[in-house]
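Some notes on the structure that comes next.
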Amino acid sequence: SIPQEQLDEINSVLERDFMIRAIHDVKGIDIGSNLIRYKAEVDFDGRALTRSYLEKHDLNVLLEDIKKIETIDDVEAFLLKHGENIVDMLGGEIDRIELKLRKKFPQIRHCDLEIL
61 SIPQEQLDEI
71 NSVLERDFMI
81 RAIHDVKGID
91 IGSNLIRYKA
101 EVDFDGRALT
111 RSYLEKHDLN
121 VLLEDIKKIE
131 TIDDVEAFLL
141 KHGENIVDML
151 GGEIDRIELK
161 LRKKFPQIRH
171 CDLEIL
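Residue numbers (the working numbering): 61 to 176.
Below, the structure written as structure tokens:
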């Protein structure tokens with residue numbers, strides 16, 4: 061286990077990220093040679109993630125795609141496409157946050173963020 065003050069500092073950086081609503085079950089483990097394994101369960105803000113996704117897309121194109129929806133199959137295809145893209149984006153956000161933690165705390169050798 062690492063000192064509570066150090067764990068609190070890492071947690072604080074994580075909690076201030078705009079994509080994160082809350083963190084749970086946090087563990088900071090000393091793995092020797094002044095290195096840390098950090099683990100946390102992360103509750104992502106779905107609205108922030110979706111807003112970020114929408115900012116990267118032309119909303120006029122999305123609106124045109126929506127206007128073309130006529131059947132249940134069309135609805136399903138639309139939601140599957142964008143749902144998959146949002147999940148892919150979530151993976152990218154996890155990578156971004158882990159990289160941010162490693163840059164700020166170089167002693168973090170392993171960073172394991174699990175989605176709640």
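Yeah, the Cβ is synthetic: ideal placement off N, Cα and C, and Gly gets one too.
Keep in mind it's a predicted model, so treat the numbers as computed, not measured.
Excluding its 5 nearest sequence neighbours in each direction, Asp133 has no C-beta neighbour in its own chain below 7 Å. Bounds of any alpha helix (DSSP H) do not take in His117, whose DSSP letter is neither H nor E. Taking all protein chains in view, the Cβ of Leu74 is crowded by 16 or more other Cβ atoms within 10 Å, so the residue is classified as buried.
The Cβ atoms of Leu176 and Val102 lie closer than 8 Å to each other.
Apart from sequence neighbours up to five positions away, the residues of its chain that approach Arg81 with a beta-carbon distance below 6 Å are Asp103, Asp105, ordered along the chain. Per DSSP, the beta-bridge partners of Asp172 are Lys99. Taking C-beta atoms as the reference points, Tyr98 and Leu140 fail to come closer than 8 Å.
Contact check for Gln167 against Asn71 fails: the beta carbons are separated by 8 Å or more. Buried is the label assigned to Ala100, since at least 16 other Cβ atoms lie within 10 Å of its Cβ. Pro63 and Met149 have their C-alpha atoms spaced approximately 33 Å apart.
In its chain, beyond the 5 residues on either side, Gly88 have a beta carbon closer than 6 Å to the beta carbon of Leu67. Excluding residues up to 5 positions away in sequence, nothing lies with its Cβ nearer than 6 Å to the Cβ of Ala137 in the same chain.
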